[in-house]
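Asker: I have a structure here, written as structure tokens, and I will follow up with some questions on it.
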Amino acid sequence: MSKSFMEKLLDGASVEWKALGEVIISNTGGGTPSKAKSEYWNGEIPWASVGDLSIDGHFIKKTRNHVTSEGLKDSSSNLISKGDVIVAVKISPGKMKIAGIDLAINQDLRGLKLKDEISAKFLNYYFQILILQGTGTIVKAITSKDLEKIQIPIPPLPVQVEIVRILDAFTELTAELTARKKQYNYYRDQLLSFEEGKVEWKMLGEVGEVRMCKRILKSQTASEGEIPFYKIGTFGKEPDAYIPRSLFEEYTAKYNYPKIGEILISASGTIGRTVVFDGEDAYFQDSNIVWIENNENFVLNKFLFYFYKVANLSISEGGTIQRLYNDNLRKLRVPIPTLTKQARIVAILDKFDALTSSISEGLPCEIELRQKQYEYYRELLLSFPKPDGTK
1 MSKSFMEKLL
11 DGASVEWKAL
21 GEVIISNTGG
31 GTPSKAKSEY
41 WNGEIPWASV
51 GDLSIDGHFI
61 KKTRNHVTSE
71 GLKDSSSNLI
81 SKGDVIVAVK
91 ISPGKMKIAG
101 IDLAINQDLR
111 GLKLKDEISA
121 KFLNYYFQIL
131 ILQGTGTIVK
141 AITSKDLEKI
151 QIPIPPLPVQ
161 VEIVRILDAF
171 TELTAELTAR
181 KKQYNYYRDQ
191 LLSFEEGKVE
201 WKMLGEVGEV
211 RMCKRILKSQ
221 TASEGEIPFY
231 KIGTFGKEPD
241 AYIPRSLFEE
251 YTAKYNYPKI
261 GEILISASGT
271 IGRTVVFDGE
281 DAYFQDSNIV
291 WIENNENFVL
301 NKFLFYFYKV
311 ANLSISEGGT
321 IQRLYNDNLR
331 KLRVPIPTLT
341 KQARIVAILD
351 KFDALTSSIS
361 EGLPCEIELR
371 QKQYEYYREL
381 LLSFPKPDGT
391 K
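Residues 1 to 391, numbered by UniProt numbering, are exactly what the sequence shown covers, in order.
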């Protein structure tokens with residue numbers, strides 16, 4: 001998004017800066033009905049607190065709590081009209097949403113009725129920038145008076161609408177990508193869910209032995225070389241260490257080494273990350289990267305690959321563990337459908353994986369990329385030069 005784009009967007013129009021108080025018609029506070037009176041609660045009126053603002057999108061359309069008309073009347077809470085802006089002044093000061101329904105608010109929120117010169121969505125996006133930049137304008141708590149002093153850029157309404165349209169498009173794309181990932185995970189989980197008694201279950205230790213490579217000492221590695229040596233930090237990524245070919249050939253001849261297609265598993269760090277061994281010359285850190293020496297006449301490697309993605313590899317009797325020990329892996333219960341059914345499940349998931357552009361790896365990266373693009377363009381689109389003397 002270049003400067004020329006912004007110039008074209010503004011089309012010669014100036015951007016005026018105003019205090020928030022100058023672009024609102026009213027600034028309404030809230031309150032909490034007495035918790036001691038049950039007749040004040042569980043009524044028909046939605047009642048919002050700061051926690052209700054932690055939602056995706058611009059609009060707040062439901063709340064966790066409701067009050068009665070009597071509770072609203074007998075407290076300092078006020079009803080905020082649909083379309084007005086709701087902003088937190090405590091706990092998460094500056095967090096903002098637009099009322100998608102008529103609702104009451106508590107004392108940590110303010111309801112702002114805006115003048116026609118500013119779009120509620122535009123203001124919502126701008127307040128996200130205020131929080132992210134940490135300029136000191138937004139602090140742990142802010143008074144209503146100080147809230148109204150916050151300086152807001154006011155480009156012409158058509159420009160505000162176009163900025164909102166662009167940022168909404170990025171938001172919708174990220175949401176769509178996230179939904180695709182959830183859909184894939186749902187179908188994968190369904191395909192790999194088996195009821196007890198419907199298929200045979202075995203412990204992974206009955207399927208094959210847990211194997212690992214021979215230990216490599218730091219003194220045996222170099223920053224450059226012929227054979228990449230993958231440590232837990234570079235597993236599935238680019239290597240930053242190498243070993244000599246002579247050492248590689250000696251160790252692969254004498255000690256355990258994965259066969260093509262076997263599934264390498266991270267046993268520390270982010271436990272349970274998996275890589276299908278492609279047969280390329282490489283060596284792997286002992287104990288931190290392991291695999292099951294598997295007989296594919298019983299269980300397909302690719303079936304295990306997909307099963308690991310839904311298996312609970314990080315929980316033991318003592319809770320979350322920092323390392324996946326061999327015994328944890330051996331005791332993992334695995335469903336063993338027929339080889340024909342395993343092959344069918346693998347074929348379906350392989351196709352789904354391809355159709356969604358390697359969703360198991362590509363989508364999280366794509367989502368992260370789109371989120372970064374969104375944040376970049378949001379800041380760029382909302383960064384208007386301030387006139388001299390404006391704080």
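For glycine and all other residues, C-beta sits at the position ideal for the given N, C-alpha and C.
Computed from a prediction, not measured in an experiment: that's the story for all the values here.
Which residues in the same chain have their Cβ closer than 8 angstroms to the Cβ of Phe307, if we skip the five residues on either side of it in sequence?
Answerer: Sequence index remark: in the sequence shown, residue 307 carries index 307 (1-based). So the list reads Leu192, Val334 and Pro335, once near-sequence residues are dropped.
Asker: Buried or exposed: which applies to Ser75, given that a residue is buried once 16 or more other Cβ atoms fall within 10 Å of its Cβ?
Answerer: Here the question's residue 75 lines up with position 75 in the sequence shown. Buried.
Asker: Starting from the Cα of Ala343, find the closest Cα among Lys309, Lys302 and Ile216 and give me that residue.
Answerer: Your numbering for residue 343 matches position 343 in the sequence shown. Residue Lys302 is the option with its Cα nearest to Ala343.
Asker: Can you tell me whether Lys95 is buried or exposed, with buried defined as 16 or more other CB within 10 angstroms of its CB?
Answerer: Position 95 of the sequence shown holds residue 95. Classification of Lys95: buried, given that the 10 Å Cβ count is 16 or more.
Asker: Are three or more beta carbon pairs between the region 186 to 206 and the region 59 to 66 nearer than 8 angstroms?
Answerer: Taking 8 angstroms as the limit for Cβ pairs, the verdict is that the region 59 to 66 does not touch the region 186 to 206.
Asker: In terms of DSSP beta bridges, what is Ala222 paired with?
Answerer: Here residue 222 refers to the residue found at position 222 of the sequence shown. The partner list for Ala222 (beta bridge, DSSP) reads Tyr242.
Asker: Let me check understanding here. Comparing Cα to Cα, which of Gly236, Lys121, Leu147 and Ser92 lies closest to Gly21?
Answerer: Counting from one through the sequence shown, the residue named residue 21 turns up at place 21. Minimum Cα distance to Gly21 is reached at Leu147.
Asker: Among Leu123, Lys341 and Asn106, which residue has its Cα nearest to the Cα of Gly83?
Answerer: Stepping through the sequence shown from its first residue, residue 83 is reached at position 83. If we check each option's Cα against that of Gly83, Leu123 comes out closest.
Asker: What's the C-alpha gap between Leu173 and Pro228?
Answerer: To locate residue 173, count along the sequence shown from 1; it is residue 173. To locate residue 228, count along the sequence shown from 1; it is residue 228. Cα to Cα, the separation comes out at about 37 angstroms.
Asker: Measuring alpha carbon to alpha carbon, tell me which of Ile166, Pro158, Gly261 and Leu103 ends up nearest Asn295.
Answerer: Numbered from its first residue, the sequence shown carries residue 295 at position 295. When only C-alpha atoms are compared, the closest one is Gly261.
Asker: Our contact map puts Lys113 next to Ile25 with C-beta atoms below 8 angstroms; I'd like the distance itself, whole angstroms only.
Answerer: On the sequence shown, position 113 is the one that residue 113 refers to. On the sequence shown, position 25 is the one that residue 25 refers to. That belief holds up - the Cβ atoms of Lys113 and Ile25 are roughly 4 angstroms apart, short of 8 angstroms.
Asker: With distances taken Cα to Cα, identify the nearest neighbour of Ser38 among Ile105, Ser69, Asp52 and Ser144.
Answerer: As a position in the sequence shown, residue 38 is number 38, starting the count at 1. Answer by Cα proximity: Ser69.
Asker: Within the continuous beta strand (DSSP E) that includes Thr174, where are the two ends?
Answerer: Here residue 174 is taken as the residue at index 174 of the sequence shown, counted from 1. Run containing Thr174: none in the beta strand (DSSP E); it sits in the alpha helix (DSSP H), Leu157 to Leu191.
Asker: Please classify Val85: is it buried, with 16 or more other beta-carbons within 10 angstroms of its beta-carbon, or exposed?
Answerer: As a first step, residue 85 is located in the sequence shown; it is residue number 85 there, counting from the start. That one is buried.
Asker: Between Ile91 and the rest of its own chain, which residues show a CB-CB distance below 7 angstroms, the 5 nearest in sequence each way excluded?
Answerer: Looking up residue 91 in the sequence shown gives position 91. Contacts found: Val50 and Asp108.
Asker: My assumption, with CB atoms under 8 angstroms, is that Gln285 sits in contact with Ile216. Please give the rounded CB distance.
Answerer: Residue numbering aside, residue 285 sits at position 285 when the sequence shown is read from its first letter. Residue numbering aside, residue 216 sits at position 216 when the sequence shown is read from its first letter. The Cβ separation is near 7 angstroms, so the contact holds.
Asker: Is it buried or exposed for Val159, if we count other Cβ within 10 angstroms and need 16 for buried?
Answerer: Numbered from 1 along the sequence shown, position 159 holds the residue referred to as residue 159. Val159 comes out buried.
Asker: Throw me the rounded Cβ distance for the Ile45 and Ala88 pair, which I believe falls under 8 angstroms.
Answerer: For this step, residue 45 is matched to residue 45 along the sequence shown. For this step, residue 88 is matched to residue 88 along the sequence shown. Actually they are not in contact, since the Cβ atoms of Ile45 and Ala88 sit about 20 angstroms apart, beyond 8 angstroms.
Asker: May I have a chain-ordered list of the alpha helix (DSSP H) segments no shorter than 4 residues that lie completely inside the region 270 to 356?
Answerer: You should have 301 to 310, 326 to 330 and 339 to 355.
Asker: Within 10 angstroms of the Cβ of Ile163, are there 16 or more other Cβ atoms? Answer buried if so, exposed if not.
Answerer: For this step, residue 163 is matched to residue 163 along the sequence shown. Its Cβ being crowded by 16 or more others within 10 Å, Ile163 is buried.
Asker: Among Ile271, Ile101 and Gly236, which has the Cα closest to the Cα of Phe277?
Answerer: Here the question's residue 277 lines up with position 277 in the sequence shown. Checking every option, the nearest Cα to that of Phe277 belongs to Gly236.
Asker: Tell me whether the beta-carbon of Ile289 lies closer than 8 angstroms to the beta-carbon of Leu313.
Answerer: Against the sequence shown, residue 289 aligns to sequence position 289. Against the sequence shown, residue 313 aligns to sequence position 313. Not closer than 8 angstroms, so no.
Asker: Measure the CB-CB distance between Ile292 and Leu300 and report whether it falls below 8 angstroms.
Answerer: Counting from one through the sequence shown, the residue named residue 292 turns up at place 292. Counting from one through the sequence shown, the residue named residue 300 turns up at place 300. No, the Cβ-Cβ distance between Ile292 and Leu300 is not below 8 angstroms.
Asker: Pick helix, strand or coil for Val23, following the three-state DSSP scheme.
Answerer: The count along the sequence shown starts at 1 and reaches residue 23 at position 23. Looking at Val23 - three-state DSSP - the assignment turns out to be helix.
Asker: Strictly by DSSP, which residues pair up with Phe229?
Answerer: Within the sequence shown, numbered from 1, the residue matching residue 229 stands at position 229. Tyr283.
Asker: Is Pro153 close to the ligand COA? I mean its beta-carbon at under 7 angstroms from any heavy atom of the ligand.
Answerer: Absence of the ligand COA from the depicted structure is noted, as is the absence of any ligand whatsoever, leaving it without description.
Asker: With a CB to CB cut of under 6 angstroms and the five nearest residues on each side skipped, what residues in its chain are close to Lys121?
Answerer: Translated into positions along the sequence shown, residue 121 becomes position 121. Taken in chain order, the residues that qualify are His58 and Val164.
Asker: Mapping DSSP to helix, strand and coil, what is Ile263?
Answerer: Translated into positions along the sequence shown, residue 263 becomes position 263. Three-state result, Ile263: strand.
Asker: With DSSP as the reference, please indicate the residues paired to Lys90 in a beta bridge.
Answerer: Within the sequence shown, the letter at position 90 stands for residue 90. DSSP lists Ala141 as partners of Lys90.
Asker: Quick check: the Cα distance between Leu332 and Asn42, rounded to an integer number of angstroms?
Answerer: Stepping through the sequence shown from its first residue, residue 332 is reached at position 332. Stepping through the sequence shown from its first residue, residue 42 is reached at position 42. Going from the Cα of Leu332 to the Cα of Asn42 covers about 46 angstroms.
Asker: Taking 8 angstroms as the threshold (C-beta atoms), are Arg110 and Gly233 in contact?
Answerer: As a working mapping, residue 233 is identified with position 233 in the sequence shown. As a working mapping, residue 110 is identified with position 110 in the sequence shown. For Gly233 and Arg110, no; Cβs fall outside 8 angstroms.
Asker: So Ser144 packs on Asn27, CB below 8 angstroms; how close in whole Å?
Answerer: What you label residue 144 is simply residue 144 of the sequence shown in a count that begins at 1. What you label residue 27 is simply residue 27 of the sequence shown in a count that begins at 1. Going by Cβ atoms, the distance from Ser144 to Asn27 rounds to 6 angstroms, so yes, they are a contact pair.
Asker: Do you know offhand how far Ser360's Cα is from Asp353's?
Answerer: Position 360 of the sequence shown, counting from 1, holds the residue named residue 360. Position 353 of the sequence shown, counting from 1, holds the residue named residue 353. Its pLDDT being 44, under 50, Ser360 is placed unreliably by the model, and the measurement read from it follows with that caveat. Going by the C-alpha atoms only, they are around 7 angstroms apart.
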